[in-house]
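Just so you know, we're using numbering that gives the first Met the number 0 here: the sequence shown kicks off at 0 and counts up by one. Don't be surprised by glycine CBs; every beta carbon is placed ideally from N, CA and C. None of these values were measured; they are calculated from a predicted model. Quick notes on the structure that follows.
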Amino acid sequence: MNDHEILNTDDELFRETHYARYGFERTNIYGLTTFDSLQPTCLHRQPEFPSHRFDSFPTGIVPANHGALKKPVRHLLSASASEIVAFISRDGYWNSLNIALGLEAGKSEIIAIDIAEVQNKIYLAIAVAEKDDSDEFQYSLRIFEGSSYFLEQTLLSIKDVSQIISIASAPMQISHVQTNEQGLVFLMSAMDGHIHMFGKENDAFLELSSLPTLFPFMGQINDRRIRILFMHIYDRPNGERVICAGGQDGDIFLAFYDKEGHEVSSHNTRIFSPITSVLIFQPRVSKNVNEHDVLHLVVTCAIELAIVYRCIEKNGLTKSRVLPQSGRYDSVLCSHVMDVDWDGENEILIGTYGHQVLIYKQVAGTQDYNVLWRRQFAYPIYRISHLDLNIDGLDELIVTTMYGVHILQPNMKKARERLLEVLQHVDARKRHMYELMLEWKHQKEMEKAIIFEH
Numbered sequence: 000m001n002d003h004e005i006l007n008t009d010d011e012l013f014r015e016t017h018y019a020r021y022g023f024e025r026t027n028i029y030g031l032t033t034f035d036s037l038q039p040t041c042l043h044r045q046p047e048f049p050s051h052r053f054d055s056f057p058t059g060i061v062p063a064n065h066g067a068l069k070k071p072v073r074h075l076l077s078a079s080a081s082e083i084v085a086f087i088s089r090d091g092y093w094n095s096l097n098i099a100l101g102l103e104a105g106k107s108e109i110i111a112i113d114i115a116e117v118q119n120k121i122y123l124a125i126a127v128a129e130k131d132d133s134d135e136f137q138y139s140l141r142i143f144e145g146s147s148y149f150l151e152q153t154l155l156s157i158k159d160v161s162q163i164i165s166i167a168s169a170p171m172q173i174s175h176v177q178t179n180e181q182g183l184v185f186l187m188s189a190m191d192g193h194i195h196m197f198g199k200e201n202d203a204f205l206e207l208s209s210l211p212t213l214f215p216f217m218g219q220i221n222d223r224r225i226r227i228l229f230m231h232i233y234d235r236p237n238g239e240r241v242i243c244a245g246g247q248d249g250d251i252f253l254a255f256y257d258k259e260g261h262e263v264s265s266h267n268t269r270i271f272s273p274i275t276s277v278l279i280f281q282p283r284v285s286k287n288v289n290e291h292d293v294l295h296l297v298v299t300c301a302i303e304l305a306i307v308y309r310c311i312e313k314n315g316l317t318k319s320r321v322l323p324q325s326g327r328y329d330s331v332l333c334s335h336v337m338d339v340d341w342d343g344e345n346e347i348l349i350g351t352y353g354h355q356v357l358i359y360k361q362v363a364g365t366q367d368y369n370v371l372w373r374r375q376f377a378y379p380i381y382r383i384s385h386l387d388l389n390i391d392g393l394d395e396l397i398v399t400t401m402y403g404v405h406i407l408q409p410n411m412k413k414a415r416e417r418l419l420e421v422l423q424h425v426d427a428r429k430r431h432m433y434e435l436m437l438e439w440k441h442q443k444e445m446e447k448a449i450i451f452e453h
């Protein structure tokens, strides 16, 4: 596919429906996260949708006696330098909330955010750089927690319960994981070459020393003081876990864990480029794991082509393919996967400092990838995600650039066409099964007739 053909496909996969700007501030490359929640939502669509933002929870809303949701709903959080905006998924629309955390614009900067829900309680973690009176930066990890009947009420009041933990070195990415031993823990990489682990003890979060025991490969990272820029934790539906970490000097670490949380194998390699993102994914779209499923790993780099390590359970970090044209638009900053054409296979998405989002599809019958779609934005691409914001059954594509959040809707015509194809396939399969059943009944009647004649 040449450049002219790519540029003519801008509207074939996604169409931008909303852009939420950060005001006068900008975001950070770790400033986007999604989370699943069982807390019900309540705020109605506003006349100014989708531009309206709630600054406080409205009075007079009485909780219904429905309790927690039976199935979690995914929502989105995005941070600028001093504010966080939550995009709350609702039927047919979404609501935006300004989550005020008491940060002063121009003096404080949010470096990274992460959020988790455990037993109906929300935990929000942010890494902050803040100037002191001598104009020097001081770093901290701030963990907020809250629980109300409605999710919007929880988030808009989450600042009421918080804890500040001082950090000696500049923090980078924050992620979280559930462990058998410590429950919820937050993992934070920092420029001191350590991955710091924070867990709750005696109703307060503190840094734990059990990191090397729970995650031996992270202990090796800390021993070697490797500056980790990005880490991805992939929990499989069967209870197994895979973790990958990429470093400033090109180091890539990969570790596999069994259902009991024991590290069963690990791999590492180094490439000639800082690692900007790592992403473990299963090519087949499924909530289950069968014996034929494999895992791949996408690694994006600052000065090299993006790489796909294939079948990492079998090959570790020895077999790879590059994504063509991924080095053409300046540094690749982020990666993501989603099934953009509803064929049951995940496509790979990357975002570049040169304002481009590229979508790659694996060539059938090969291990190679081709560019399926490309779109240019006004600013560098910092993060990509997807979720069903308006709960219509189709996931929106979320692209955060330096100064705002772009919400793109999938091509509805193509969605209808694909749905009709699936329904026709299902109908044809039902007819085939019905014909087989009639044939089986006829065969049984013939057998009975033959036995009766004898």
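What residue range does the beta strand (DSSP E) around residue 375 cover? Position 376 of the sequence shown, counted from the first residue, corresponds to residue 375. Counting along the chain, the beta strand (DSSP E) containing residue 375 begins and ends at 368-375.
Same chain, Cβ closer than 7 angstroms to residue 454, neighbours up to 5 away in sequence not counted: Not covered by the structure: residue 454. The range shown for the chain is 0 to 453.
Please state the DSSP three-state secondary structure of residue 341. Here residue 341 corresponds to residue number 342 of the sequence shown, with the count starting at 1. Residue 341 falls in the coil class under three-state DSSP.
With distances taken Cα to Cα, identify the nearest neighbour of residue 318 among 297, 335, 242, 447. Working through the sequence shown from its first residue, we reach residue 318 at position 319. Of the candidates 297, 335, 242, 447, the one whose C-alpha sits nearest the C-alpha of residue 318 is 297.
In the DSSP assignment, find the unbroken beta strand (DSSP E) run with residue 224 in it and report its ends. Your numbering for residue 224 matches position 225 in the sequence shown. Where residue 224 is concerned, there is no enclosing beta strand (DSSP E), given that its DSSP letter is neither H nor E.
According to the Cβ coordinates, are residue 341 and residue 417 closer than 8 angstroms? As a first step, residue 341 is located in the sequence shown; it is residue number 342 there, counting from the start. As a first step, residue 417 is located in the sequence shown; it is residue number 418 there, counting from the start. Contact: yes.
Give the C-beta separation of residue 251 and residue 269 to the nearest angstrom, bearing in mind that I take them to be a contact with Cβ-Cβ under 8 angstroms. For this step, residue 251 is matched to residue 252 along the sequence shown. For this step, residue 269 is matched to residue 270 along the sequence shown. Confirmed, about 7 angstroms.
For residue 201 and residue 258, what's the separation of their Cα atoms in angstroms? Translated into positions along the sequence shown, residue 201 becomes position 202. Translated into positions along the sequence shown, residue 258 becomes position 259. Between residue 201 and residue 258, the C-alpha separation is close to 27 angstroms.
Inspect the beta-carbon positions of residue 406 and residue 33 and report whether they are closer than 8 angstroms. To locate residue 406, count along the sequence shown from 1; it is residue 407. To locate residue 33, count along the sequence shown from 1; it is residue 34. Going by C-beta atoms, residue 406 is not nearer than 8 angstroms to residue 33.
What three-state label does DSSP hand residue 433 in the structure shown? On the sequence shown, residue 433 is found 434 positions in, with the first residue counted as 1. Correct three-state label for residue 433: helix.
Length of the line joining the Cα atoms of residue 249 and residue 239: Reading the sequence shown from its first residue, position 250 is the one you call residue 249. Reading the sequence shown from its first residue, position 240 is the one you call residue 239. Approximately 26 angstroms, taken between the alpha carbons.
Per DSSP, residue 204 is paired with what? To locate residue 204, count along the sequence shown from 1; it is residue 205. Beta-bridge pairing links residue 204 to 199.
Between which two residues does the alpha helix (DSSP H) harbouring residue 313 extend? Within the sequence shown, the letter at position 314 stands for residue 313. Start and end: 311-314.
Quick check on DSSP: helix, strand or coil for residue 129? Here residue 129 is taken as the residue at index 130 of the sequence shown, counted from 1. Correct three-state label for residue 129: strand.
Quick one: measure Cβ to Cβ for residue 30 and residue 98, integer angstroms, because I've assumed they're closer than 8 angstroms. As a working note, residue 30 is residue 31 in the sequence shown. As a working note, residue 98 is residue 99 in the sequence shown. Actually they are not in contact, since the Cβ atoms of residue 30 and residue 98 sit about 13 angstroms apart, beyond 8 angstroms.
So, helix, strand or coil for residue 9, using DSSP? By 1-based counting over the sequence shown, the position of residue 9 is 10. Its pLDDT being 44, under 50, residue 9 is placed unreliably in this model, and the value from its coordinates should be taken loosely. Three-state result, residue 9: helix.
For residue 415, does the three-state DSSP call read helix, strand or coil? Residue 415 sits at position 416 when you count from the first residue of the sequence shown. Reduced to three states, the DSSP call for residue 415 is helix.
Would residue 170 and residue 189 qualify as a contact pair, given that the criterion is a beta-carbon distance under 8 angstroms? Numbered from 1 along the sequence shown, position 171 holds the residue referred to as residue 170. Numbered from 1 along the sequence shown, position 190 holds the residue referred to as residue 189. Taking 8 angstroms as the Cβ cut-off, residue 170 and residue 189 qualify as a contacting pair.
Where does residue 31 fall in DSSP's three states? The count along the sequence shown starts at 1 and reaches residue 31 at position 32. It is a strand residue.
May I have a chain-ordered list of the alpha helix (DSSP H) segments no shorter than 4 residues that lie completely inside the stretch 226-303? none
How is residue 318 classed by DSSP in three states: helix, strand or coil? Taking the first residue of the sequence shown as position 1, residue 318 is located at position 319. Three-state result, residue 318: coil.
Alpha carbon of residue 427 to alpha carbon of residue 436, nearest angstrom: On the sequence shown, position 428 is the one that residue 427 refers to. On the sequence shown, position 437 is the one that residue 436 refers to. Counting only the Cα atoms, residue 436 lies some 14 angstroms from residue 427.
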